[in-house]
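Counted the way mature numbering (1 follows the signal peptide of the UniProt record, and there is no 0) counts, the sequence shown spans residues -22 to -1, 1 to 367. Glycine included, C-beta positions come from ideal geometry on N, C-alpha and C. Owing to the predicted nature of the structure, the values given are computational and were not obtained by experimental measurement.
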Amino acid sequence: MELLHARLNLIFVLTLSSDLLCKLTNTWDRDKIRQELPQYDDAILCIFTSSAPSEDQVAWVYEKYGAYSTRSGYGIGMSAVRPVAFIPVPFDWRKNIWNVNTAPKIKDFLWKVVKKAIPVSANLASRGISSFPCKTCNDVEDDLHVFLLCSVAKEVWELAPISWTQLPMISSLGVFISSCASIKNLPPTGARNKRCFEDKAYSSMEILNKYISNARKWQGAQMLTTPPTKDVHELSRGKSVPQLPSPSTTMITCHVDAAWDANSGNCGLGGVFTGPPSTTHLRQLCESRPFVFFALMAEALAVRLAVMTAACANIKSLLILSDSLDLVKLLIKKESRPALFGIVFDIYYFTSLFDVISFAHVPRLNNCEADFVARSALASIVVTSVGGE
C-alpha cells in the first residue's frame, strides 16, 4: 500500500517534463531523472532541449517533419485495429515491370498478369463467369497453368534459350516475374487466344519462333533510335544542391563536422574558423556529446555549436560549411523535425543576432580539417564523467 501511495504522489507531483529540467540552463537534471524515472534515463537524455527560451509545440511523431497526414493516421489506426501477423515481401513494380527493357505493350501485359486481369478461367470465375477447362490439356485453367504448367507452355520453356535447366518452384506469377530479372521477358503472341476463339493450334516450336522473332524486331528498332542528351543546365537543376556563396572580405567561415558512433551513441563535434586576420582569436571547436540518437542530430549539434560560439564572439557575418546535404537543405528551408526541435530552434534563434549568415554544402574531401577535429573529440570522450546533457 505504501508503494502504491508513493506512485500516486509521483503522478500528482511530477506532471510536466519541465520538472526534470534545470531552471538555469534548461538542460536535463540527471539527478532528478535518476530519482524519478530511472528506467527512462537514456531515452530522456537523447532528447536535446533548446538553450534559448522556446514555447511548446505539437508534433506528429509518425511523420518525419512532425505534421499530421491522413495517410499516416489511417495507417496507425489500421495497425492498431488489425495487427498483421505476416507481412509479405512487397512487389517491386518499378524494377520488375516498369523499368524492364522491353516494349510498352509488354509492360502493360505484365501488369495485367500480376493484377490477375487477363481472361483466364480462374480470373473470370472470380468475377461470376462460369469456369472452363484448358482447351489444350483439359486441366483447370489459371494464370500459372497458362504460362508455366500446361504441357505446351512447359515445352516452350524447355526449348527457349534460357540458362536454367528446370522451371523454378513458384507460388504466383508475381514471384516468377521477380525471379526473371536476369533473363529477357519474351512478348506474348496470343497463341492461347487463337486456340480458344479461332480454334487455331500452334506447336511449341512455332510459338517460340514467334517469340524470338518479335523480340529481335523490337531490339533492332531500339538500335535505330539514340537517346536524347540532357542539357547541362537541366542536370544542374535536377541535383538541387545549395550553391556555395562567395564570402566577403569581412565574412567569417566555419567548417563544421561531426563524428558519430552508432554503437555507443557518442559523437565528436568539430569546427574550424577562417577569415580576416583580425578574427583569428576564435578558437577551434572540439567537443564531445553522449546520448546522440542518429547522425543527422550530431551534424546539427556541430552547426549549433558553431553558431552559438560565433554569436557569443560578437561576429556579425558568418558562413557555415557542412558536408551534410540533408541538414543544409533543412536549414535553408527553415524547416525542422521533432527529434531535432531543440537543436534547430537554437540555430534559428541565434541566427537573428547576425547581420549576414549563410549555410552551404561543402564536399567531404574539402572538409577534412573539421572531420579530423570531430574524430579527435570522439576518441577522447569519457562516458563515465559526462553529466547534464
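(request) May I ask you to list the residues that DSSP assigns as paired with phenylalanine 251? (result) Cys232
(message) Using 8 Å as the cut-off, can you tell me whether the segment 292 to 303 makes contact with the segment 331 to 348, which would need three or more C-beta pairs spanning the two stretches below that distance?
(response) yes
(request) Indicate the three-state DSSP secondary structure (helix, strand or coil) for valine 351 in the structure shown. (result) helix
(request) With a threshold of 16 other CB atoms inside 10 Å of the CB of glutamate 212, please say whether the residue is buried or exposed. (result) Any reading at glutamate 212 needs caution, since the residue's pLDDT is 42, under 50, leaving its predicted position unreliable; the model's value is listed next. Per the 10 Å Cβ criterion, exposed.
(message) For threonine 5 and threonine 27, what's the separation of their Cα atoms in angstroms?
(response) 6 Å
(request) State the start and end residues of the unbroken beta strand (DSSP E) segment that holds valine 334. (result) 334 to 339
(request) Please classify serine -5: does DSSP put it in a helix, a strand, or coil? (result) Helix at serine -5.
(message) For a quick check, are the C-beta atoms of aspartate 235 and alanine 352 less than 9 Å apart?
(response) yes
(request) Leaving aside the five residues before and after tyrosine 327 along the sequence, list all residues of the same chain whose C-beta is less than 7 Å from its C-beta, in chain order. (result) Ala30
(message) As an exercise, report each continuous alpha helix (DSSP H) stretch of at least 4 residues that is fully enclosed by the segment 39 to 115, in chain order.
(response) 48 to 59, 82 to 92 and 99 to 103
(message) Between which residues of its own chain and glycine 216 is the CB-CB distance below 6 Å, once the five residues before and five after are set aside?
(response) With a pLDDT of only 46 at glycine 216, under 50, the local geometry of the prediction cannot be trusted, and the value read off the model is given with reservation. None.
(request) Kindly confirm or deny that the segment 302 to 321 and the segment 7 to 21 touch, where touching means at least three C-beta pairs closer than 8 Å. (result) no
(request) Leaving out five residues on either side along the sequence, give the residues of the same chain with a beta carbon under 7 Å from the beta carbon of proline 166. (result) Note that proline 166 has pLDDT 48, beneath the 50 cutoff, so the model's placement of it is unreliable and the number below is only indicative. Counting only Cβ-Cβ distances below 7 Å, and skipping sequence neighbours, we find Phe87.
(message) Please state whether the Cβ-Cβ distance between alanine 355 and alanine 237 is less than 9 Å.
(response) yes
(request) Excluding the 5 residues preceding and the 5 following serine 302 in the sequence, name in chain order all residues of the same chain whose CB lies nearer than 6 Å to its CB. (result) Glu277
(request) Look at the alpha carbon of serine 149 and the alpha carbon of serine 156, and state the distance between them as a whole number of angstroms. (result) A direct Cα-Cα distance of roughly 12 Å separates serine 149 from serine 156.
(request) Can you tell me which of the three DSSP states alanine 30 falls into? (result) coil
(request) Over the uninterrupted alpha helix (DSSP H) stretch that includes cysteine 128, give me the two end residues. (result) In the DSSP assignment, cysteine 128 falls outside any alpha helix (DSSP H), carrying neither H nor E.
(request) Please work out which residues of its chain come closer than 6 Å, Cβ to Cβ, to glycine 44, disregarding the five sequence neighbours upstream and downstream, and give them in chain order. (result) Ala37, Trp38 and Pro316
(request) Compare the beta carbon distance of phenylalanine 251 and cysteine 232 with 9 Å and say whether it is the shorter of the two. (result) yes
(request) Kindly indicate the opening and closing residues of the beta strand (DSSP E) around serine 300. (result) Serine 300: member of the beta strand (DSSP E) spanning 295 to 300, first to last residue.
(message) Whole angstroms are fine: how far does the CA of glycine 198 sit from the CA of threonine 48?
(response) 48 Å
(message) Let me make sure I understand the geometry here. Which of Ser330, Val306 and Val322 has the alpha-carbon closest to that of proline 341?
(response) Val306
(request) Using only alpha-carbon positions, find the residue among Val118, Val153 and Leu274 that is nearest to aspartate 304. (result) Leu274
(message) So for residue 369, helix, strand or coil by DSSP?
(response) Only positions -22 to 367 of the chain appear in the structure, and residue 369 is not among them; the question remains open.
(request) Specify the secondary structure class of arginine 267 as computed by DSSP and reduced to three states. (result) strand
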